[in-house]
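Student:
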Amino acid sequence: MQIRHESRIGRQNGGWAGRDESWTERDESRIGEENGSWIGENGAGSRRNERSNPSCKEEMRAHVVSQVEGIEDHVDGCIGRMEEEVQGVKGKIEEVKTEVQEKMSDLERRLSDLETRPNNFPVNPKFMYSRPTVKPLTFDGKLHKEFQNLFSTCDADVGRCNMTQHRINTGDHLPIKQYPRRLPFARKEEAERLVNEMGENGIIEESSGPWDSPIVLVEKKDASIRFCVDYRKLNEIAKNDSYLLPRIDDTLDALNGSQWFTTLDLKCGYWQVEIRPEDREKTAFTTGQGLWQFKVMPFGLCKAPATFERLMETVLRGLPSEAAQFI
Numbered sequence: 001m002q003i004r005h006e007s008r009i010g011r012q013n014g015g016w017a018g019r020d021e022s023w024t025e026r027d028e029s030r031i032g033e034e035n036g037s038w039i040g041e042n043g044a045g046s047r048r049n050e051r052s053n054p055s056c057k058e059e060m061r062a063h064v065v066s067q068v069e070g071i072e073d074h075v076d077g078c079i080g081r082m083e084e085e086v087q088g089v090k091g092k093i094e095e096v097k098t099e100v101q102e103k104m105s106d107l108e109r110r111l112s113d114l115e116t117r118p119n120n121f122p123v124n125p126k127f128m129y130s131r132p133t134v135k136p137l138t139f140d141g142k143l144h145k146e147f148q149n150l151f152s153t154c155d156a157d158v159g160r161c162n163m164t165q166h167r168i169n170t171g172d173h174l175p176i177k178q179y180p181r182r183l184p185f186a187r188k189e190e191a192e193r194l195v196n197e198m199g200e201n202g203i204i205e206e207s208s209g210p211w212d213s214p215i216v217l218v219e220k221k222d223a224s225i226r227f228c229v230d231y232r233k234l235n236e237i238a239k240n241d242s243y244l245l246p247r248i249d250d251t252l253d254a255l256n257g258s259q260w261f262t263t264l265d266l267k268c269g270y271w272q273v274e275i276r277p278e279d280r281e282k283t284a285f286t287t288g289q290g291l292w293q294f295k296v297m298p299f300g301l302c303k304a305p306a307t308f309e310r311l312m313e314t315v316l317r318g319l320p321s322e323a324a325q326f327i
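Position 170 of the sequence shown, counting from 1, maps to 170 under UniProt numbering, and the rest follow consecutively.
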């Protein structure tokens with residue numbers, strides 16, 4: 001809404017009446033020259049004339065200066081922190097550059113050494129070294145005939161060593177009896193076949209003792225079945241043997257510098273060690289068709305590795321250190 005007669009009202013009494021509270025900058029200065037008062041529909045008020053008050057101008061100037069100085073300090077602080085971060089990044093970049101240059105220098109030195117070395121590598125190594133350098137030995141059978149009783153002729157031909165007997169020391173603990181586990185029908189026939197075979201070969205015998213452990217049939221890599229017994233409950237109460245197995249690194253050190261290597265694998269090595277007669281009933285097991293016990297050391301007993309290692313070291317005692325035993 002346009003304002004009329006503002007200057008006239010300002011000259012007479014410094015006020016004006018209208019429907020709103022707005023005025024132009026020109027009329028505002030005129031009103032301020034008189035008394036800076038105004039009257040409207042929403043009430044009366046006054047406006048201090050800042051142009052005509054020197055102290056007010058100084059206060060505003062000081063306030064603006066303080067605000068500007070605060071902003072400058074904040075900006076300077078931000079710039080300082082950014083410069084510190086930039087310097088840190090530059091330092092890291094210089095470190096990486098130095099490390100890369102050192103590695104490149106080392107690589108160039110190695111390449112230079114390879115280029116200056118004489119070329120002694122064969123042009124076609126596969127062709128030069130495809131033929132054997134040593135004439136293969138012929139087997140005439142004399143050694144086999146001389147010691148033919150030491151070699152197994154079939155699966156049932158298992159030797160027996162009388163230099164030691166395996167002992168199962170359970171103290172005064174009561175016998176442990178476990179019910180047999182269910183087997184698939186096809187595995188039952190296989191279990192009966194293996195039991196009959198071990199009985200015929202003198203590996204097991206019938207038992208009438210109070211001990212009993214369940215059997216486990218394990219499939220080997222060649223799809224054949226290994227007959228095992230779960231002796232975990234028995235191992236928990238049996239006193240352990242502290243005889244240690246040899247370290248692999250010591251065995252490798254003993255073979256250092258050797259050119260020829262050969263191995264002698266025992267036929268069912270554990271089954272060549274007898275069990276003390278009074279401890280045989282502790283190895284008892286059942287397949288649902290009778291109770292059996294081992295006459296020789298079976299797989300799964302906690303003391304079996306120590307007993308076997310002690311026997312092997314006793315047998316090989318006095319031979320050179322190159323004759324190493326292992327399980």
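By construction, the Cβ of each residue, glycine as well, lies at the ideal position given by its N, Cα and C atoms. Just so it is clear, the structure is predicted and the values come from calculations on it, not from any experiment.
Could you please give me the residues that DSSP links to Thr286 through a beta bridge?
Tutor: Your numbering for residue 286 matches position 286 in the sequence shown. Its beta-bridge partners are Leu291.
Student: Decide if the region 298–306 is in contact with the region 189–198; the criterion is three or more beta carbon pairs, one per stretch, under 8 angstroms apart.
Tutor: Taking 8 angstroms as the limit for Cβ pairs, the verdict is that the region 189–198 does not touch the region 298–306.
Student: Using 8 angstroms as the cut-off, can you tell me whether the region 256–263 makes contact with the region 157–172, which would need three or more C-beta pairs spanning the two stretches below that distance?
Tutor: Verdict: no, contact absent.
Student: Determine the DSSP secondary structure at Ser112, reduced to helix, strand or coil.
Tutor: Along the sequence shown, one-based indexing puts residue 112 at 112. Helix.
Student: Beta strand (DSSP E) containing Thr164: first to last residue?
Tutor: Walking along the sequence shown from the start, residue 164 turns up at place 164. Start and end: Cys161 to His166.
Student: For Gly318 and Lys221, I'd like the C-alpha separation in whole angstroms.
Tutor: Against the sequence shown, residue 318 aligns to sequence position 318. Against the sequence shown, residue 221 aligns to sequence position 221. In a straight line, the C-alpha of Gly318 is about 37 angstroms away from that of Lys221.
Student: Going by the CB atoms, is the gap between Phe326 and Tyr270 shorter than 9 angstroms?
Tutor: Numbered from 1 along the sequence shown, position 270 holds the residue referred to as residue 270. Numbered from 1 along the sequence shown, position 326 holds the residue referred to as residue 326. Result no, Cβ atoms of Tyr270 and Phe326 do not sit closer than 9 angstroms.
Student: Could you check where the beta strand (DSSP E) with Arg226 kicks off and where it finishes?
Tutor: Against the sequence shown, residue 226 aligns to sequence position 226. Arg226 -> beta strand (DSSP E) spans Ile225 to Val229.
Student: Keeping to the same chain, check which residues put their C-beta closer than 6 angstroms to that of Leu291; ignore five residues upstream and five downstream.
Tutor: Taking the sequence shown and counting its residues from 1, one reaches residue 291 at position 291. Contacts found: Ser207 and Ala284.
Student: Kindly indicate the opening and closing residues of the alpha helix (DSSP H) around Glu313.
Tutor: Indexing the sequence shown from 1 puts residue 313 at position 313. From DSSP, the alpha helix (DSSP H) with Glu313 extends over Ala304 to Val315.
Student: To which residues does DSSP link Asp212 through a beta bridge?
Tutor: Numbered from its first residue, the sequence shown carries residue 212 at position 212. Paired residues: Lys177.
Student: Please report the distance separating the alpha-carbon of Glu197 from that of Arg276.
Tutor: To locate residue 197, count along the sequence shown from 1; it is residue 197. To locate residue 276, count along the sequence shown from 1; it is residue 276. Computed Cα separation, rounded: 22 angstroms.
Student: Rounded to a whole number of angstroms, what is the C-alpha to C-alpha distance between Asp113 and Val96?
Tutor: As a first step, residue 113 must be located in the sequence shown, where it is residue number 113. As a first step, residue 96 must be located in the sequence shown, where it is residue number 96. In a straight line, the C-alpha of Asp113 is about 26 angstroms away from that of Val96.
Student: Taking only three categories from DSSP, how would you classify residue 381?
Tutor: In this structure the chain extends from 1 to 327, so residue 381 is not present and cannot be described.
Student: Which class does Val158 belong to by DSSP, given the choice of helix, strand or coil?
Tutor: Within the sequence shown, the letter at position 158 stands for residue 158. Note: Val158 maps to coil in three-state DSSP.
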